[in-house]
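Peer 1: Take this structure, written in structure tokens, and hold onto it; I'll ask about it next.
Listed below in structure tokens is the structure:
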């Protein structure tokens, strides 16, 4: 069993940017590494959100479902989340204000990884869900140029996020990477924009980072340095 | 106990580039994470080389000694090394030829981390040993501008190295990072150049990367992205 608040990541973000969507780690194995996190699925078939040990797949048709243990993921970042601090939003807060509030409560941690959970009532929610791809795969930047987005005026739900330090760009998504799912577990995706009406925010610092690298030929042949370019990742994952 | 061939790294290379040489992990703790690897010591007091569970400190006065468990390291990369493949050098080989030989024996692993051990007879060995620093610390690039270097014509000894993928520049040293110590454990350092007269080479792929990040203020205030610049690292660690 992995320690609490150890970030376990399968593969690196630049591999997704390079269009490596095959195979990966089984949900069964990833569950042994964390009960909380974000990711995607084989063939880039939607967005993963996990918390309280439940893993959900939010697909490009707007549906959401629990994930079977035999599903696989080419990229996932999870942890056994144990909150170190919790606080309430004090007023209606847009995405930037939420990020600033989190920064205030995690001083001097710019170069650490932070796990973030927010439960509450949200509005002006815009999410995207990457659509399942077929070969030959396009890179993530191209896929997200034509991604289905959904807008919800007002929903009760949960945000699961990771804030990664700038130096980790390409390995992870530098800055905030948030996914959302509604309380009825039927709507959600990768957050493009969101505001909180009222929410409880929980955070934990992850000082141990465990990365499992794929060892197959496709991974080893990819130009991951090129696919770590900050602007392209911000466009695809921002 | 950590699995064999899991790379355990304390801190990131860019933190050394930024001049963060204080504190760190104790040798006692790092020994629980690996019996083989490279690194440095508090106040940048020399080069670390470890193999067969023995940890040595090679200092800028040319001396070498076993390290006490209470010593600390601001940067170390270790593994429980278990060779997956071994081969002999077939002729006198310079550094580039050794790296090409290793590449031939580790096909399709450009984006993985490789642990390398070479035991044998070497010549034209040039090593540097970083000198102990005092505050205010200069960054590693500036320190290595004036580093003591030593040249040995011919020595029997051991090379411990890590080959890191290009995308990891800043987190580790992209490319080859080799340290050497002589059979009598009295001479060695960070390899600038080396040729093998005859050596046995052992390699293992490390697909699991565990990074422990410092959580102190100095680490979190450093501009690690700036200090990940590839040219500066190549100059300091090449």
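Chains as they are written, first to last, in our numbering: chain P, 1 to 238; chain U, 239 to 476. From the three backbone atoms N, C-alpha and C, an ideal C-beta is built for every residue, glycine too. From a predicted model like this one, the values you see are computed outputs, not experimental measurements.
1. Alpha helix (DSSP H) containing residue 16(P): first to last residue?
2. Between which residues of its own chain and residue 179(P) is the CB-CB distance below 6 Å, once the five residues before and five after are set aside?
3. For residue 334(U), which residues in chain P fall below 7 Å Cβ to Cβ?
4. Can you tell me which of 130(P), 140(P) and 79(P) puts its alpha carbon nearest to the alpha carbon of residue 114(P)?
5. Of all the beta strand (DSSP E) runs that stay within the bounds of the region 316 to 399 of chain U, which reach a length of 3 or more residues?
6. Between the region 159 to 172 of chain P and chain U, which residues of the former have CB atoms less than 9 Å from a CB of the latter, in chain order?
7. Using beta carbons (cut-off 7 Å, strictly below), is residue 357(U) in contact with chain P?
8. Quick check: residue 240(U) and residue 271(U), are their CB atoms within less than 7 Å of each other?
9. Straight-line CA distance for residue 156(P) to residue 164(P)?
10. With distances taken from CA atoms, which of 439(U), 411(U) and 441(U) is nearest residue 315(U)?
11. Do residue 129(P) and residue 58(P) count as a contact pair if the criterion is CB distance below 7 Å?
12. Going by DSSP, what residue range makes up the alpha helix (DSSP H) through residue 468(U)?
13. Using a threshold of 7 Å, state whether the C-beta atoms of residue 168(P) and residue 14(P) are closer than that.
14. Going along the chain, which residues of its own chain have a beta-carbon closer than 8 Å to the beta-carbon of residue 450(U), five neighbours each way excluded?
15. By how many angstroms is the C-alpha of residue 302(U) removed from the C-alpha of residue 31(P)?
16. Residues in its own chain within less than 8 Å of residue 457(U) by CB, not counting five upstream and five downstream?
17. Could you give the distance in angstroms between the alpha-carbon of residue 242(U) and the alpha-carbon of residue 320(U)?
18. Provide the residue span of the beta strand (DSSP E) that contains residue 279(U), from first to last.
19. Measure the C-alpha to C-alpha separation of residue 278(U) and residue 256(U) and round it to an integer number of angstroms.
20. For residue 372(U), count neighbouring Cβ atoms within 10 angstroms of its own Cβ and tell me buried if that reaches 16, exposed if not.
21. Would you please verify whether the beta carbon of residue 109(P) is less than 7 Å from any beta carbon of chain U?
22. What residue from 203(P), 187(P) and 141(P) has the CA that sits closest to residue 127(P)'s CA?
23. Do residue 181(P) and residue 122(P) have their beta-carbon atoms positioned less than 7 Å apart in this structure?
24. What in chain P is Cβ-close to residue 457(U), meaning under 7 Å?
25. Verify the CB distance criterion: does residue 268(U) have a CB-CB separation below 7 Å to chain P?
26. By a C-beta neighbour count over all protein chains shown, 10 Å radius and 16 as the cutoff for buried, is residue 540(U) buried or exposed?
27. Please report how far the alpha carbon of residue 54(P) lies from the alpha carbon of residue 385(U), in whole angstroms.
28. Name, in chain order, the residues that DSSP records as bridge partners for residue 426(U).
29. Since residue 404(U) is in the alpha helix (DSSP H), which residue starts that stretch and which ends it?
30. I'd like the span of the beta strand (DSSP E) that includes residue 227(P), first residue to last.
31. Find out if the Cβ-Cβ distance for the pair residue 224(P), residue 349(U) is shorter than 7 Å.
32. For chain P, find out if any of its Cβ atoms is closer than 7 Å to the Cβ of residue 466(U); answer yes or no.
33. Check for me: the beta strand (DSSP E) holding residue 209(P) runs from which residue to which?
34. In terms of alpha-carbon separation, which member of 441(U), 474(U) and 454(U) lies closest to residue 341(U)?
35. Is the Cβ of residue 453(U) closer than 7 Å to any Cβ of chain P?
36. Under 7 Å between C-beta atoms, does residue 114(P) make it to chain U?
Peer 2: So, from the data block:
1. 13 to 17
2. 38, 47, 49, 160 and 190
3. Within chain P, no residue comes near residue 334(U); the closest Cβ sits about 21 Å away, beyond 7 Å.
4. 79(P)
5. 323 to 326 and 351 to 366
6. 165, 166, 167, 168, 169, 170 and 171
7. no
8. yes
9. 26 Å
10. 411(U)
11. yes
12. 468 to 475
13. no
14. 246, 247, 248, 249 and 263
15. 46 Å
16. 249, 253, 258 and 451
17. 6 Å
18. No beta strand (DSSP E) holds residue 279(U); DSSP gives it neither H nor E.
19. 14 Å
20. exposed
21. yes
22. 187(P)
23. no
24. 111
25. no
26. Since the first and last residues shown for chain U are 239 and 476, residue 540(U) lies out of range.
27. 54 Å
28. 419(U)
29. Premise fails: residue 404(U) is in no alpha helix (DSSP H) and is neither H nor E.
30. Segment: none, residue 227(P) is in no beta strand (DSSP E) and carries neither H nor E.
31. yes
32. yes
33. 208 to 212
34. 441(U)
35. yes
36. no
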